[in-house]
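Participant: These protein sequence lines map, in sequence, to chains F and X.
Note that the working numbering gives residue 56 to position 56 of the first sequence, counting from 1, and the numbers run on in steps of one.
Note that the working numbering gives residue 1113 to position 113 of the second sequence, counting from 1, and the numbers run on in steps of one.
For reference, the structure I am asking about is given below.
Number of protein chains: 2
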Amino acid sequence: MISKTMKEIVANSSAIRAMFEEGQRLALIHGAGRVYDFSLGNPNVAPPEAIRRAIINIAESEDPVFLHGYMANAGYPDTRRAVAESINRRYATNFGEDNIIMTVGAAGAINIALKTLLDPGDEVIVFAPFFGEYRWYVRNFGGELVIVPNASEDFQPDLNGLERVLSPRTRAVIINSPNNPSGAVYSEETLKALAGILEDWQKKTGNAVYLISDEPYREIVYDGAIIPYVTKYYKNTFVAYSYSKALSLPGERIGYLAVPPEMDGYAEIWPALAAANRILGFVNSPSLFQRVAAVCADAVVDTSVYAENRDILYNSLVDMGYDCFKPQGAFYLFPKTPIPDDAAFCEAAKQYRLLIVAGRAFGVPGHFRAAFCVKRETVLNSLESFKAAIGQYR
Amino acid sequence: MISKTMKEIVANSSAIRAMFEEGQRLALIHGAGRVYDFSLGNPNVAPPEAIRRAIINIAESEDPVFLHGYMANAGYPDTRRAVAESINRRYATNFGEDNIIMTVGAAGAINIALKTLLDPGDEVIVFAPFFGEYRWYVRNFGGELVIVPNASEDFQPDLNGLERVLSPRTRAVIINSPNNPSGAVYSEETLKALAGILEDWQKKTGNAVYLISDEPYREIVYDGAIIPYVTKYYKNTFVAYSYSKALSLPGERIGYLAVPPEMDGYAEIWPALAAANRILGFVNSPSLFQRVAAVCADAVVDTSVYAENRDILYNSLVDMGYDCFKPQGAFYLFPKTPIPDDAAFCEAAKQYRLLIVAGRAFGVPGHFRAAFCVKRETVLNSLESFKAAIGQYR
């Protein structure tokens, strides 16, 4: 009774979501405290108190007809200005209200960018490991996902691999730093080299290639890691941002797409993005949270909680014998599985009430992802299970 | 620089939105009080005070990690139960939490239903006049919109026309009662006859045909008009609902899709809808407003304001010589234009600072739509302009 497209999607449906739902099932059997759910990037650090105050203050003081009403599909102009100014302050960019379109999270931002760019058969390049949902986002518009395999222990993008897959049908490249699932941060050198390759390609072929920089983890970094602002290195860059992680608001679906004024085709692209927001059914980013984001544009959750979780889990897993890259940002660990079959390992881990996601969901088999944005006690109590999970293969 | 698909969409972009933006431009020149903007269904009646209280109370009392976090893609189970129970109380239906998926407004609800149903080339039937966005929603998934022309003065669906266009490729029929733009309400007899035709067709061909009933105006009715609950007449019915109009919350993007348990293919359709919510980039309906909707599921704005606006505008326009159907619901008037060219009439009306939308945007040229969900003073002050607009053709 459902479309062929959806049959395939449901059959291959999100391994992450499947684990999340398995976790809820196991919690009913064993009690929530005895299930160690590392499946989903659902932040467990409270939003800044400023969020609660902003919600209450806005609800008490603003005219509700204006507050909950329609606005331009791009969002409230003053919200867009506040967001632009916050980015300008922090990264010395030059954005105005017509460079920020408020969206239904980063997922909404990426989808309106792809809707604007893609005709059926166009190609979009990603670097493994990558957030598995990109697969479906590209497919939403008849595009083809082209995967550059991972080629390094530290999960930097394989730029030689990029050169091999660029084609006349390439319309966009998606990057995600800090990276989900690996926690890698792309350095300034990497971004410069990436930009150089794309510039050369554009010059040689006359085809514009757009970079979509998916940055929900921009503020979640460790050991003083720096996240360069990508539009400064490559002008044909869309920045897809979400307040889901920096403000712990994933359920509210609030984010934006930044579109630099110097982008090739800006004049044509800007109105198309607003139209895409409308016709894809988003219409606009939720209005109350646009007002909240304007007030709290510079706020960030207490990331030290994630830093400590990272240290505990990383050090413990390495001690146990897991082979693991130390994340520089985001809130995921992406260790090698002790056996080659990552799906079998994740399945076996369930007997220890441990919910983790197989690396193949991110284009890198032989690894698993553990989201450590959980309660401290979950991290601590889970260690016996991680030990048992690797121990069975000794 | 943009896709062929988006070029066409931007070129034909929403006449409604274009008028809304023209109104904002004229307001800067003439002052907002001297521009009569009837372009957009943006409610001017305040949300019930219960909304403000619910927002503040929920923000003050609920755990913010839970309140603003991810939940199942279908929405919070308790919200879905509260919504189901509210519908059951009012319409004697038999819905549970697994029959309600919370969505990003009715636009989100229609899009996830179409994503679930359509393969490229599948046909979706609408009755003119119809909400113009259906055109793009169907196109989002490669579907073909099939329009049954209007055949009656009172804008009832042409069921003979339906029988003529049903084809082996028909996957869905969209209806919208109370209707935007006409204000017509489809009677119980009409719905029974419509259901009969679809049942016969299904029996004859073995093809399931789904009805999508788009009902954001269900509560906005006049003179005691009754809106039958469509799932009772045809089991293969999705009800797409939004709180945009009944609670004056269009900017918040909160609504749901109701999916009756007896629907053909329910077991396959239900998980596909949740997956569609995810992969289209909605992920879930905004979380705080899910909690608000649960508390306020039975609330409705003061519709007497709309009833009075309707009476003033309808009576005045008829007195001036406009040929106009009296709306039974929603908040639009859909009169004939005094000249055949509706686009020319709407363009000419701008000189009287009157913003109305040409009927061709809704599949019925020779009419215009005036959204009377505006301030009373706008209705009263606009009357001279409506008079001048028809007067120029005397």
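Idealized CB from N, CA, C, for every residue including glycine.
Please read all numbers here as calculations on a predicted model, not as lab measurements.
Any Cβ of chain X within less than 7 angstroms of the Cβ of T205/F?
Facilitator: no
Participant: Give the range of the beta strand (DSSP E) segment to which Y1241/X is assigned.
Facilitator: DSSP places Y1241/X inside the beta strand (DSSP E), whose first and last residues are T1237 to S1242.
Participant: Based on the DSSP output, what are the partners of T170/F in its beta bridges?
Facilitator: E123/F
Participant: Quick one: grab the DSSP three-state call for D200/F.
Facilitator: In the structure shown, D200/F sits in a helix (DSSP, three-state: H, G or I).
Participant: I'd like to know whether the C-beta of D1200/X is nearer than 7 angstroms to at least one C-beta of chain F.
Facilitator: False, the Cβ-Cβ gap to chain F never drops below 7 angstroms.
Participant: Give a yes or no on whether the minimum CB-CB distance between H1068/X and chain F is below 7 angstroms.
Facilitator: yes
Participant: Does D1214/X come out as helix, strand or coil in the three-state DSSP assignment?
Facilitator: strand
Participant: In whole angstroms, what separates the C-alpha of K1232/X from that of T1093/X?
Facilitator: 8 angstroms
Participant: Hey, out of S1242/X, F1020/X and P1047/X, whose CA is closest to F1038/X's CA?
Facilitator: F1020/X
Participant: What's the gap between the Cα of L1166/X and the Cα of A1128/X?
Facilitator: 15 angstroms
Participant: Could you name the residues of the stretch 1236–1250 of chain X whose beta carbon sits closer than 7 angstroms to any beta carbon of chain F, in the order they occur along the chain?
Facilitator: Within the stretch 1236–1250 of chain X, the residues whose Cβ lies closer than 7 angstroms to some Cβ of chain F are S1248, L1249 and P1250, listed in chain order.
Participant: Can you tell which of A109/F, K204/F, A299/F and I339/F has the C-alpha that lies nearest to the C-alpha of L273/F?
Facilitator: A109/F
Participant: Look at the alpha carbon of S61/F and the alpha carbon of I339/F, and state the distance between them as a whole number of angstroms.
Facilitator: 58 angstroms
Participant: Between the alpha carbons of E1049/X and N1180/X, how many angstroms are there, rounded?
Facilitator: Whole-angstrom Cα-Cα distance: 27 angstroms.
Participant: Check the Cβ of R52/F against every Cβ in chain X and list those closer than 7 angstroms, keeping chain order.
Facilitator: Chain X residues near R52/F: A1059 and P1064.
Participant: Alpha carbon to alpha carbon, how far is I349/F from V295/F?
Facilitator: In the sequence under discussion, the amino acid at residue 349/F is Ala, which differs from the Ile named in the question. C-alpha separation (whole angstroms): 43 angstroms.
Participant: Chain F partners of T1005/X, CB-CB under 7 angstroms?
Facilitator: D119
Participant: Count the other CB atoms within 10 Å of the CB of Q328/F; is the residue buried (16 or more) or exposed (fewer)?
Facilitator: buried
Participant: Verify the CB distance criterion: does A348/F have a CB-CB separation below 7 angstroms to chain X?
Facilitator: no
Participant: What residues in the stretch 1271–1283 of chain X bring their beta carbon closer than 8 angstroms to a beta carbon of chain F?
Facilitator: P1271, A1272, A1275, A1276, R1278, I1279, L1280, G1281, F1282 and V1283
Participant: Under a CB-based cut-off of 7 angstroms, is G1265/X close to chain F?
Facilitator: yes
Participant: Please confirm whether F325/F and C373/F have their CB atoms less than 7 angstroms apart.
Facilitator: no
Participant: With 7 angstroms set as the bound, which would you pick, yes or no: does the beta-carbon of P1077/X sit closer than that to a beta-carbon of chain F?
Facilitator: no
Participant: Taking all protein chains shown into account, decide if P250/F is buried (16 or more other Cβ within 10 angstroms of its Cβ) or exposed.
Facilitator: Buried, because 16 or more other Cβ atoms sit within 10 Å of the Cβ of P250/F.
Participant: Put F1066/X into one of helix, strand or coil per three-state DSSP.
Facilitator: helix
Participant: Does N1111/X come within less than 7 angstroms of chain F when only Cβ atoms are used?
Facilitator: Chain F, which has a Cβ nearer than 7 angstroms to the Cβ of N1111/X, makes this yes.
Participant: Is any beta-carbon of chain X found at less than 7 angstroms from that of S287/F?
Facilitator: yes
Participant: Measuring CB to CB, does A1389/X end up less than 7 angstroms from L1354/X?
Facilitator: yes
Participant: Whole angstroms are fine: how far does the CA of A343/F sit from the CA of G1069/X?
Facilitator: 27 angstroms
Participant: Let me make sure I understand the geometry here. Which of Y393/F, V364/F and Q392/F has the alpha-carbon closest to that of F131/F?
Facilitator: Of the candidates Y393/F, V364/F and Q392/F, the one whose C-alpha sits nearest the C-alpha of F131/F is V364/F.
Participant: How would you call V318/F, buried or exposed, if buried means at least 16 neighbouring beta carbons within 10 angstroms?
Facilitator: exposed
Participant: Buried or exposed: which applies to A297/F, given that a residue is buried once 16 or more other Cβ atoms fall within 10 Å of its Cβ?
Facilitator: With a 10 Å radius around the Cβ and a threshold of 16 neighbouring Cβ atoms, A297/F comes out buried.
Participant: Comparing C-alpha positions only, which one of K4/F, N207/F, A32/F and Q156/F sits nearest to M1001/X?
Facilitator: N207/F
Participant: Count Cβ pairs between the stretch 1299–1316 of chain X and the stretch 302–314 of chain F that sit closer than 8 angstroms; are there 3 or more?
Facilitator: no
Participant: Can you find a CB in chain X that lies within less than 7 angstroms of the CB of P365/F?
Facilitator: no
Participant: Apart from the five residues on each side of it in sequence, which residues of its chain come closer than 8 angstroms, Cβ to Cβ, to K1235/X?
Facilitator: P1260, E1262, M1263 and D1264
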